[in-house]
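S.K.: Below is a structure I'd like to ask you about.
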Amino acid sequence: MNPQAKLIFSMSLLLGTAITISSNHWIMAWTGLEINTLAILPLISKSHHPRAIEASTKYFLIQATASTLLLFSSMVNAWFTGQWDITQLTHPLSCMLLTAAISMKLGLVPFHFWFPEVLQGSSLMTSLLLATVMKFPPTILLFLTSPSLNPTLLFMMAIASAALGGWMGLNQTQVRKIMAFSSISHLGWMAIILIYSPKLTLITFYLYSLTTAAIFFTLDATNTLKLSTLMAAWSKIPTLTATLMLGLLSLAGLPPLTGFLPKWLIIQELTKQELTTAATIIALLSLLGLFFYLRLAYCATITLPPNATNHMKQWHINKSVNTFTSTLVMLSIMLLPMSPTILTIP
Numbered sequence: 001m002n003p004q005a006k007l008i009f010s011m012s013l014l015l016g017t018a019i020t021i022s023s024n025h026w027i028m029a030w031t032g033l034e035i036n037t038l039a040i041l042p043l044i045s046k047s048h049h050p051r052a053i054e055a056s057t058k059y060f061l062i063q064a065t066a067s068t069l070l071l072f073s074s075m076v077n078a079w080f081t082g083q084w085d086i087t088q089l090t091h092p093l094s095c096m097l098l099t100a101a102i103s104m105k106l107g108l109v110p111f112h113f114w115f116p117e118v119l120q121g122s123s124l125m126t127s128l129l130l131a132t133v134m135k136f137p138p139t140i141l142l143f144l145t146s147p148s149l150n151p152t153l154l155f156m157m158a159i160a161s162a163a164l165g166g167w168m169g170l171n172q173t174q175v176r177k178i179m180a181f182s183s184i185s186h187l188g189w190m191a192i193i194l195i196y197s198p199k200l201t202l203i204t205f206y207l208y209s210l211t212t213a214a215i216f217f218t219l220d221a222t223n224t225l226k227l228s229t230l231m232a233a234w235s236k237i238p239t240l241t242a243t244l245m246l247g248l249l250s251l252a253g254l255p256p257l258t259g260f261l262p263k264w265l266i267i268q269e270l271t272k273q274e275l276t277t278a279a280t281i282i283a284l285l286s287l288l289g290l291f292f293y294l295r296l297a298y299c300a301t302i303t304l305p306p307n308a309t310n311h312m313k314q315w316h317i318n319k320s321v322n323t324f325t326s327t328l329v330m331l332s333i334m335l336l337p338m339s340p341t342i343l344t345i346p
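With full-length UniProt numbering, the residue at position 33 of the sequence shown is 33, and numbering never jumps.
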């Protein structure tokens, strides 16, 4: 892709995100989401592969439908209450439609079907944008409207997302699809706590994005797209592949890694709200995700590819890892001791 075109699309992504997260009027928020959608489409389809074209088409149709629902919910609210302010969403029908629209944009169950397919058709860096940056504006809209949303509906969608995200990821061999189901599972954790502690939803999203970015940059450095190539990744950058294991375990939520912090806080908050059953269910469902993270970690660091000879053969020259990737990996596994500081983030 032309560098100037890539710069324009990247700046449009930043502009769309900035417009949505800083607006207090539904029309401006909708405009920002539309700019985001139009900016990411060329990045998805830039390889001109049939799978990439299919992914961009699916993404466009789903996002257009979600944007239409969002606009309709805001218009219904304005019709009944006279309010266009995002925080003044009070009509029950509007709240239901908004929840459906944002769920479609994020990929929450039962509107999740498009997400693994779109990630599979995109490059690793575009997949990273879809799994993190593109989910930030809808998450902010959920944060702003959280007092008005239906707790029962969100609770059911959260449990279903955590269950299906873990269950569907078990038999996958494509790394991008595994990361897609990982994202769906993490969205379940964010949705279940949204009503009771919106700030905790944002902290969970920030830490999820950090850890996911570290893993995607590592996969990009080793050019890994499926489990069979992950098994040979150790010969390219052994040190980075070893830390990839820790990053995956952090995403699974194992202590004392960074990913343990949001799950610990969410379970604590659910218990405070006397939702011990919900906390137990979602904690047990995270074990499904742990299984496929362990499988990825096993393939990355413990499995050796078959060799005809008895000595280790170096197929690839060891590459140097850039400072940005190294910093992301370190942050994704070592932030737990800084949890008191993280909790002061507004």
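The C-beta atom is built at its ideal place from N, Cα and C for all residues, glycine as well.
Can you tell which of GLY82, THR212, SER73 has its C-alpha closest to the C-alpha of THR145?
M.R.: On the sequence shown, residue 145 is found 145 positions in, with the first residue counted as 1. The option with the nearest alpha carbon to THR145 is SER73.
S.K.: Unbroken beta strand (DSSP E) runs of length 3 or more, entirely within the region 133 to 191: which are they?
M.R.: none
S.K.: Kindly indicate which three-state DSSP category LYS46 falls into: helix, strand or coil?
M.R.: Here residue 46 corresponds to residue number 46 of the sequence shown, with the count starting at 1. It is coil, neither helix nor strand.
S.K.: Mark LEU219 as exposed unless 16 or more other C-beta atoms lie within 10 angstroms of its C-beta, in which case mark it buried.
M.R.: Start at 1 with the first residue of the sequence shown, and residue 219 comes out as number 219. The residue in question, LEU219, is buried, as its Cβ has 16 or more Cβ neighbours within 10 Å.
S.K.: Verify whether the separation of the beta carbon atoms of GLY107 and LEU33 is less than 9 Å.
M.R.: In the sequence shown, residue 107 corresponds to position 107, counting from 1. In the sequence shown, residue 33 corresponds to position 33, counting from 1. Cβ atoms of GLY107 and LEU33: not closer than 9 Å.
S.K.: Could you name the residues of the same chain whose beta carbon sits closer than 8 Å to that of LEU149, not counting the 5 residues immediately before and after it, in chain order?
M.R.: Within the sequence shown, numbered from 1, the residue matching residue 149 stands at position 149. Counting only Cβ-Cβ distances below 8 Å, and skipping sequence neighbours, we find CYS95, LEU98, THR99, LEU142, LEU194, ILE195.
S.K.: How long is the line joining the alpha carbons of MET330 and THR224, rounded to whole angstroms?
M.R.: Taking the sequence shown and counting its residues from 1, the one referred to as residue 330 is at position 330. Taking the sequence shown and counting its residues from 1, the one referred to as residue 224 is at position 224. Cα to Cα, the separation comes out at about 20 Å.
S.K.: Straight-line CA distance for GLY169 to THR152?
M.R.: Position 169 of the sequence shown holds residue 169. Position 152 of the sequence shown holds residue 152. Rounded to the nearest angstrom, the two C-alpha atoms are 26 Å apart.
S.K.: Is the beta carbon of THR20 closer than 9 Å to that of residue 347?
M.R.: Outside the displayed range of the chain (1 to 346) lies residue 347, so it cannot be described from this structure.
S.K.: Is the region 154 to 167 close to the region 205 to 212, with three or more CB pairs under 8 Å?
M.R.: no
S.K.: Report all residues from its chain with a CB closer than 6 Å to the CB of PRO198; omit the five preceding and five following residues, and keep chain order.
M.R.: Working through the sequence shown from its first residue, we reach residue 198 at position 198. PHE143, SER146, listed in sequence order.
S.K.: Can you give me the start and stop residues for the alpha helix (DSSP H) that ALA279 sits inside?
M.R.: Locating residue 279 in the sequence shown gives position 279, counting from the first residue. Here the alpha helix (DSSP H) through ALA279 covers 276 to 301.
S.K.: Give a yes or no on whether the C-beta atoms belonging to LEU227 and ARG176 are separated by under 9 Å.
M.R.: Here residue 227 refers to the residue found at position 227 of the sequence shown. Here residue 176 refers to the residue found at position 176 of the sequence shown. For LEU227 and ARG176, no; Cβs fall outside 9 Å.
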